[in-house]
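For reference, the structure is listed below as structure tokens.
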Amino acid sequence: MNDQDKNINKDFDKDINNKSSLEEEIKKERERYNQLSNEALIEEILEAEKTLTLSKNEQNELKKDKDNWQDKYTRLQAEFENTQKRWEKSKDHLKNQSRGNILKNFLPLYDSFKNALKNEGDLHIIQQFFKQFMNILKGLGVEPMKVDKQELFDYNKHEALTTIENEDIPNNTIIDIIQDGVKLDKDILRYAKVIVSRKPKPKDNKEAEKVDENLKENNKEAEKVDENLKENNKETEKVDENLKENNKETEKVDENLKE
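According to the working numbering, the residues represented by the sequence shown are 35 to 293, in order.
Listed below in structure tokens is the structure:
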């Protein structure tokens, strides 16, 4: 082997060595790159997870806000509907109340007509007047309440003027009807004034004493009602006087017609 060949071999060995070292460096750089790439990828994934977590939290908050507003809207809607119902009910009640205040002025006339029908005389004319009057009241929604004797006393419909002891009749039973009750649609325009039975007070009976105290309170209320009745009777007397004057005028007209 000559010197030239030796030099070629040396250069070849160097090249091989250089190639090996380059391959090692490339391998190291590749490993380093892969490591850096993995770390960057991990960081990106972590950032993405954070962003996703924040988005989920924001979504949850938005859902809570939506639910809260939905609840508020539902409550407000329910309150509005309830208020509207109460207003409608109050409006109807006030309407009936104003009508009732006017119609109460006709009740003494109703009582006078009814009392006149019990007396002898020209009942035919009075019956016609009474029928017309009742039709007018019925058209306005006013009707007498049906109250029967032997019916149990009801605070929602009746007003006890007084009580009478009676062993043979059940307690709190209506014995007599003094004045008819009148209703306006579903409202009570005037309570029926009645006399109610009560059992005689047993001796040394505490429960009977309590009942007696309640009856005393009812009697006080009955006295107040009696005062109102007296005022109504005065108005009824005035109406009766007007009816008498009308009858006199009717008689005069009849006499003139006969002549």
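Backbone N, C-alpha and C fix where the C-beta goes; we use that ideal spot for every residue, glycine too.
Three-state class that DSSP yields for residue i in the structure shown
i: Pro-142; result: helix
i: Ile-229; result: strand
i: Lys-235; result: coil
i: Ile-42; result: Bear in mind that the predicted position of Ile-42 carries a pLDDT of just 49, short of 50, making it unreliable; the figure below should be weighed with that in mind. Correct three-state label for Ile-42: helix.
i: Lys-220; result: coil
i: Ile-160; result: helix
i: Glu-185; result: coil
i: Leu-174; result: coil
i: Ile-208; result: strand
i: Glu-193; result: strand
Cut-off 8 Å between Cβ atoms - residues of its own chain near residue i, not counting five sequence neighbours on either side
i: Val-287; result: Confidence at Val-287 is low in this model, with a pLDDT of 49, below 50, so the placement of that residue should be treated as unreliable; the coordinate-derived value is given next. Cβ within range, chain order: n/a, list empty.
i: Asn-102; result: none
i: Glu-201; result: Lys-233 and Pro-234
i: Ile-198; result: Ile-209, Ile-229, Val-230, Ser-231 and Arg-232
i: Glu-177; result: Leu-171, Val-216 and Lys-217
Buried versus exposed, by CB contacts within 10 Å (16 or more), residue i
i: Lys-217; result: buried
i: Tyr-107; result: exposed
i: Asn-36; result: With a pLDDT of only 49 at Asn-36, under 50, the local geometry of the prediction cannot be trusted, and no value is derived from it.
i: Ala-226; result: buried
i: Phe-187; result: buried
i: Glu-193; result: buried
Own chain, CB closer than 6 Å to residue i, minus 5 neighbours either side, in chain order
i: Ala-150; result: Ile-160
i: Arg-133; result: none
i: Asn-190; result: none
i: Lys-165; result: none
i: Ile-42; result: Low local confidence applies: a pLDDT of 49 at Ile-42 is under 50, so the model's placement there is unreliable, and no value is given.
Euclidean distance between Cα positions of residue i and residue j
i: Asn-206; j: Leu-110; result: 48 Å
i: Pro-204; j: Glu-185; result: 10 Å
i: Leu-174; j: Asn-130; result: 10 Å
i: Val-228; j: Met-179; result: 13 Å
i: Leu-128; j: Asp-221; result: 11 Å
i: Lys-119; j: Leu-171; result: 28 Å
i: Glu-251; j: Lys-148; result: 31 Å
i: Phe-167; j: Leu-195; result: 27 Å
Contact belief for residue i with residue j at Cβ below 8 Å, rounded distance in angstroms
i: Val-230; j: Ile-209; result: 7 Å
i: Ile-211; j: Lys-183; result: 7 Å
i: Leu-223; j: Lys-138; result: 7 Å
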